[in-house]
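Numbering that gives the first Met the number 0 puts the sequence shown at residues 0 to 289.
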Amino acid sequence: MVVNTVAGPVAGGDLGVVDYHEHLSFNAPHWLLREDRDFKLDDVERSSAELRDWVQAGGRTIVEMTAIDFGRDIHAVRRIAEKVPEAQVIVITGFNKPYYCDQSILAAPEADLIKRCVRDIEGGIDDTDIKAGLVKGGTGYNTMNDHDRKLMRVAAKAHLETGVPLITHTEGGTMGWEQVELVAAEGVDPRRVCLSHMDRNPDFWEHKRIAETGAYLGYDCPGKIKYGPDELRIGVLKRMVDAGLGRQILLGNDLGRPSYWRRYGGGPGLDFVLAKHIPRLRDEGISDQA
0 MVVNTVAGPV AGGDLGVVDY HEHLSFNAPH WLLREDRDFK LDDVERSSAE LRDWVQAGGR
60 TIVEMTAIDF GRDIHAVRRI AEKVPEAQVI VITGFNKPYY CDQSILAAPE ADLIKRCVRD
120 IEGGIDDTDI KAGLVKGGTG YNTMNDHDRK LMRVAAKAHL ETGVPLITHT EGGTMGWEQV
180 ELVAAEGVDP RRVCLSHMDR NPDFWEHKRI AETGAYLGYD CPGKIKYGPD ELRIGVLKRM
240 VDAGLGRQIL LGNDLGRPSY WRRYGGGPGL DFVLAKHIPR LRDEGISDQA
């Protein structure tokens, strides 16, 4: 298996320690910035410095998850990756959720959006030769409307055409089961799918039945207490490990706001999972082999 990174293809066996869900630079839609200025992550020097902190904590490969509709800035990401060559940066294509999409995306024919994603994967993003390594789709909170289904189908069909993994946005950890059902109906093997933010809804029964399809679940809220105390996500993680499903869990930080970054004056920081969360997991009795 070969994975596309900003610096070029990398063998899957050389990925090392991976943060499966991150953001390094983006400019969110203008209407969203008017509502919340904390959706602009655009300081290359600060992001590079904190990425270097993450590498020093043991990180090797980071997945930059900013989608087309959320202000992906491939040139800024390239500059960050070049400043920290020890980090292997994977970028994505696809769409986060309809809420962020402008009318040109919502009104576009499904086939056109699929072509756009495939071009990002096989040819390069925008005017660069940087190829996306994953494709993304997403849905809203506790519901799936026609736009949600359209963007999920786009991701599923781009995945089927190119073979890159499919990763999704779940709103508050909801609609995960329905996402798996939808993409499976399109012919996607659930073992090629990862659902993000599932620890925002730390429901063991739900997580177990999703993992048993072969799909992966992303736990990316450690240290962000507004989504609940860490003991809740650690508790469901322990139950998943005890059920023999620990290898279906992927860990990340999802620092999608500058207020989450120490170098921007916030926290918990990009190295939180490696420097604090994983040591706590060990202390709680979860081994590295789990």
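Backbone N, C-alpha and C define an ideal beta-carbon position, used for all residues, glycine too.
In this structure, the straight-line span from the alpha carbon of D229 to that of H196 is close to 14 Å. Residue range 109 to 121 is occupied by the alpha helix (DSSP H) that includes I120. With a minimum length of 4 residues, the unbroken runs of alpha helix (DSSP H) contained wholly in the segment 118 to 176 fall at 145 to 161.
At least 7 Å separates the beta-carbon of V90 from that of A80. Under the rule that a run must span 3 or more residues, the beta strand (DSSP E) segments found entirely inside the segment 176 to 200 read 192 to 194.
The beta-bridge partner set that DSSP reports for R71 consists of F25. If one requires a minimum length of 4 residues, the alpha helix (DSSP H) runs lying completely within the segment 213 to 260 are 229 to 241, in chain order. Where V54 is concerned, the enclosing alpha helix (DSSP H) starts and stops at 43 to 55. Counting along the chain, A10 sits inside the beta strand (DSSP E) bounded by residues 7 to 10. As computed with DSSP, T60 is found in a beta bridge with V17, Q87. In the displayed model, L105 falls within a helix according to three-state DSSP. In this structure, P8 keeps its C-beta atom at 7 Å or more from the C-beta atom of V16. A Cβ-Cβ distance of about 17 Å is found for the pair V76 and V134, leaving them out of contact under the 8 Å criterion. Judged by DSSP secondary structure, I285 falls outside any alpha helix (DSSP H); it is assigned neither H nor E. In this structure, F271 and G213 do not form a Cβ contact; the two beta carbons are roughly 29 Å apart against a cut-off of 8 Å.
Looking at the backbone, the Cα of P108 and that of V153 are separated by about 10 Å.
Nearest to I129 by C-alpha distance, out of K149, I120, G137, is I120. A residue is called buried once 16 or more other Cβ atoms fall within 10 Å of its Cβ, and Q247 is buried on that count. Cα atoms of G217 and D42: separation of roughly 27 Å, rounded to the nearest angstrom. In the three-state reduction of the DSSP assignment, L269 falls in the coil class, being assigned neither a helical nor a strand state. Beyond the five residues adjoining it in sequence on each side, W53 comes within less than 8 Å, by CB distance, of D18, I61, A86, L269, D270, L273 in the same chain, given in chain order. DSSP places N3 in the uninterrupted beta strand (DSSP E) bounded by 1 to 4.
The DSSP-derived three-state label of K96 is coil.
Counted as a single uninterrupted DSSP element, the alpha helix (DSSP H) harbouring A210 occupies residues 203 to 210.
Residue D219 holds the alpha-carbon nearest to the alpha-carbon of H20 among D219, A10, D147, K39.
CA-CA distance, S46 to R36, rounds to 17 Å.
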